[in-house]
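Be aware that the sequence shown starts at 1, since it is given in full-length UniProt numbering, and climbs by one per residue. Note that beta-carbon positions come from the ideal geometry of N, C-alpha and C, so glycine has one too. Fair warning: this is a prediction, and the values are worked out from it, not measured in the lab.
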Amino acid sequence: MRTDYHASLQPQGVYHFYNKTVSQRKLFYDHKDYTRFLNKFKKYFTAYMDIVAYCLIPNHFHFMVKVKTISPIIRKLIAKEKTQAAFKFLSNEDTFNEFLSDQFRRFLSGHSLYINHKYDIQGSLLLKKTKRTAVVTDTKLYDLLCYIHHNPIHHGLTIT
């Protein structure tokens, strides 16, 4: 079975998001970069998804998330976004998947601009498109939890 690396985000679905930098560039240079990235992730997503697990490595990231159910409260929060994607979703022109995809694009574009400006760098920071796979079995959930949490050890950033 072929893996769908751009799975459609559905309410109550669990997904693994990941991306890495081009040419082994750094995504994070210091503690402030990590903190800012997580704070921005929370700003863009905590209203719409729960973080199950995450790992930030100097040149890549992993997030496992569970998408929340679309409720009247969620709709009110989306209305506060004041983006074209939010407007299209609320007027039933686009799906929740398209709204969340736009949030991810805005989040990562913002981080790329921040890093490039802060460190006086030019060019693309991340590979073209963030991959996201649906986690549809308990075995896959367990395997990915282990994989995400083992990643710093695998990359020699910490020891067991």
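Measure the Cβ-Cβ separation of residue i and residue j and say whether it is below 9 Å.
{"i": "V14", "j": "S124", "result": "no"}
{"i": "T133", "j": "Y5", "result": "yes"}
{"i": "K26", "j": "I148", "result": "no"}
{"i": "Y44", "j": "Q103", "result": "yes"}
Keeping to the same chain, check which residues put their C-beta closer than 6 Å to that of residue i; ignore five residues upstream and five downstream.
{"i": "D50", "result": "K66"}
{"i": "F41", "result": "none"}
{"i": "K76", "result": "none"}
Between the options, which lies nearest to residue i when the distance is taken from Cα to Cα?
{"i": "V52", "options": "R25, F17 and L90", "result": "F17"}
{"i": "T46", "options": "I78, T130 and P72", "result": "I78"}
{"i": "P58", "options": "N19, I74 and L90", "result": "N19"}
{"i": "L9", "options": "H62, K131, L141 and R106", "result": "K131"}
{"i": "T95", "options": "T3, P11 and Y54", "result": "P11"}
{"i": "K32", "options": "H111, S71, E93 and S101", "result": "H111"}
{"i": "L100", "options": "P72, A86 and N39", "result": "A86"}
Among residues of its own chain, excluding the 5 on either side of residue i, which ones have a beta-carbon nearer than 7 Å to its beta-carbon?
{"i": "L56", "result": "F28, Y34 and F37"}
{"i": "I74", "result": "A47, Y48 and K68"}
{"i": "T3", "result": "T133"}
{"i": "D30", "result": "none"}
What is the rounded straight-line gap between the Cα of residue i and the Cα of residue j?
{"i": "E81", "j": "E98", "result": "14 Å"}
{"i": "D138", "j": "K129", "result": "26 Å"}
{"i": "L108", "j": "H60", "result": "12 Å"}
{"i": "L113", "j": "K88", "result": "26 Å"}
{"i": "Y119", "j": "L90", "result": "38 Å"}
{"i": "Q122", "j": "Q24", "result": "14 Å"}
{"i": "H150", "j": "L126", "result": "22 Å"}
{"i": "E93", "j": "V136", "result": "28 Å"}
{"i": "Y142", "j": "N39", "result": "26 Å"}
{"i": "I70", "j": "A7", "result": "18 Å"}
{"i": "H62", "j": "P72", "result": "30 Å"}
{"i": "F140", "j": "H117", "result": "The residue asked about is misnamed: residue 140 is Lys in this sequence, not Phe. Roughly 38 Å separates the two Cα atoms."}
Suppose the cutoff is 8 Å on Cβ atoms and the five residues either side in sequence are ignored; what does the same chain contact list for residue i look like?
{"i": "R106", "result": "Y44 and T83"}
{"i": "L145", "result": "V52, A53 and M64"}
task = Please list the segments of the alpha helix (DSSP H) lying wholly inside the stretch 1 to 57, counting only runs of 4 or more residues, in order along the chain.
result = 31 to 45
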